[in-house]
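Novice: Got a structure for you, questions after.
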Amino acid sequence: MESLQMAGMDHALYDAIKHGIIEFVVKLMKQDHESIWRKGVKGRTMFSHAIVLRQEKIFSLIYGLGIKKNIVARRHDIFHNNILHLAGKLSPPSQLDRVSGAALQMQRELQWFKEVESMVQAKYKEEFNEYHKTPSTVFTEEHATLVKEGESWMKSTAASCMVVATLIAALMFTTAFTLPGGTKSDTGIPVFIGHGAFMVFIVADSLSLFSSSTSVLMFLGILTSRYAEEDFLKSLPNKLIIGLSSLFFSLLSMMVAFGSAIYVVLSHRIAWVSIPLIVLACIPITFFALLQFPLLVEIVMCTYGRSIFDKPTKLPY
1 MESLQMAGMD
11 HALYDAIKHG
21 IIEFVVKLMK
31 QDHESIWRKG
41 VKGRTMFSHA
51 IVLRQEKIFS
61 LIYGLGIKKN
71 IVARRHDIFH
81 NNILHLAGKL
91 SPPSQLDRVS
101 GAALQMQREL
111 QWFKEVESMV
121 QAKYKEEFNE
131 YHKTPSTVFT
141 EEHATLVKEG
151 ESWMKSTAAS
161 CMVVATLIAA
171 LMFTTAFTLP
181 GGTKSDTGIP
191 VFIGHGAFMV
201 FIVADSLSLF
211 SSSTSVLMFL
221 GILTSRYAEE
231 DFLKSLPNKL
241 IIGLSSLFFS
251 LLSMMVAFGS
261 AIYVVLSHRI
271 AWVSIPLIVL
281 ACIPITFFAL
291 LQFPLLVEIV
301 MCTYGRSIFD
311 KPTKLPY
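Position 176 (the sequence shown) corresponds to 176 in full-length UniProt numbering; numbering is contiguous.
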């Protein structure tokens with residue numbers, strides 16, 4: 001009878017972990033301190049299940065154990081997997097889909113693997129499971145498809161953005177030699193050299209050219225990357241962040257350059273016409289920025305935002 005009750009409790013605990021019901025887990029830990037060490041489904045502890053099911057809030061409770069977390073880190077399941085082997089397994093689809101884009105999903109998987117790796121001793125990093133596989137081997141095999149999908153996602157994103165950046169760079173380079181108002185035939189000095197808006201145009205055009213060129217180089221770096229697993233953690237996201245940031249800055253600078261050029265040409269005649277022209281020209285550029293800007297924000301948050309792992313100094317009871 002007692003064994004049946006224990007089995008029922010194990011399944012209830014597993015379901016709670018699967019659905020991320022941390023309140024149930026904390027309450028159980030409070031009422032039954034041994035639940036931390038007890039092995040349930042497939043010989044795994046609650047923290048092992050939290051790793052497999054990618055429930056970071058429940059897994060983070062391990063930090064409240066203090067030095068005892070090292071004991072948990074040494075536990076094995078019925079397949080002789082340690083917790084790093086389990087971290088090397090692919091996340092359930094429901095957890096992967098919480099992050100958009102295969103590259104960012106791969107980054108999240110690496111963050112999990114590195115987090116668990118940081119708490120296990122060196123010998124467990126090279127330990128073999130029942131199938132004679134180390135944790136790193138498990139990770140590589142489980143994530144082979146995701147790496148390819150991440151590479152494809154990165155290349156398609158970089159290629160599409162690179163086209164825009166290249167067009168801006170070419171346009172700004174050409175504009176630098178076809179100044180608004182032209183130049184004086186006898187001296188070659190720009191006609192509107194003394195106009196304040198003309199200086200704004202020159203500066204904005206230069207900034208747009210330099211930033212779009214930087215963007216092109218970053219996207220080129222993404223396209224020619226070797227796409228190793230580790231690259232998805234920092235290297236590729238950093239290149240994409242710099243590339244997108246430079247692209248948005250070049251778009252903004254281009255709009256400023258266009259607006260100042262229109263104002264310089266029309267300021268002495270029909271200045272009011274410059275305002276609707278500038279607004280209309282900015283609409284398609286603004287739409288492009290609005291479509292891509294959320295991607296930049298998500299990449300920055302995933303790479304440099306707050307860690308998904310809370311690290312309490314003690315258990316919440």
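Using N, Cα and C, we set each Cβ at its ideal position, and we do this for glycine too.
1. Quick check on Ser-208: does DSSP put it in helix, strand or coil?
2. Quick check on the DSSP output: what are the complete alpha helix (DSSP H) runs of length 4 or more inside the stretch 195-270, in order along the chain?
3. Ala-51 and Leu-86 look like a contact to me (Cβ under 8 angstroms); what is the Cβ gap, rounded to whole Å?
4. Report yes or no: do three or more beta-carbon pairs, one from the stretch 227-235 and one from the stretch 210-217, lie closer than 8 angstroms?
5. Name the two residues that bound the continuous alpha helix (DSSP H) containing Asn-129.
6. Would you kindly work out how many angstroms separate the C-alpha atoms of Asn-82 and Arg-38, rounded to a whole number?
7. Drop a sphere of 10 angstroms on the beta-carbon of Asp-32, count the other beta-carbons inside from all chains shown, and report buried for 16 or more, exposed for fewer.
8. Does the contact criterion of 3 or more C-beta pairs under 8 angstroms hold for the stretch 113-127 versus the stretch 159-173?
9. If you run the structure through DSSP and keep just helix, strand and coil, what is Gly-40?
10. For Lys-123 and Val-138, what's the separation of their Cα atoms in angstroms?
11. Buried or exposed, going by whether 16 or more other CB atoms sit within 10 Å of the CB of Arg-98?
12. What is the rounded straight-line gap between the Cα of Tyr-63 and the Cα of Met-46?
13. Give the range of the alpha helix (DSSP H) segment to which Met-106 is assigned.
14. Please report how far the alpha carbon of Pro-294 lies from the alpha carbon of Phe-248, in whole angstroms.
15. Check residue 319 in the structure and name its three-state DSSP category.
16. Quick one, are the C-beta atoms of Leu-223 and Ala-159 less than 8 angstroms apart?
Specialist: Taking the structure as given:
1. helix
2. Taking only runs of at least 4 residues, the alpha helix (DSSP H) segments lying wholly in the stretch 195-270 are 196-223 and 235-266.
3. According to the sequence shown, residue 51 is Ile rather than Ala. Contact flag correct, Cβ pair sits at about 5 angstroms.
4. For the pair of segments examined, the stretch 227-235 was found not to touch the stretch 210-217: the number of CB pairs separated by less than 8 angstroms stays below three.
5. Segment: none, Asn-129 is in no alpha helix (DSSP H) and carries neither H nor E.
6. Answer to the nearest angstrom: the Cα atoms are 15 angstroms apart.
7. exposed
8. no
9. coil
10. 16 angstroms
11. exposed
12. 14 angstroms
13. 102-117
14. 12 angstroms
15. The first residue shown for the chain is 1 and the last is 317, placing residue 319 beyond what the model contains.
16. yes
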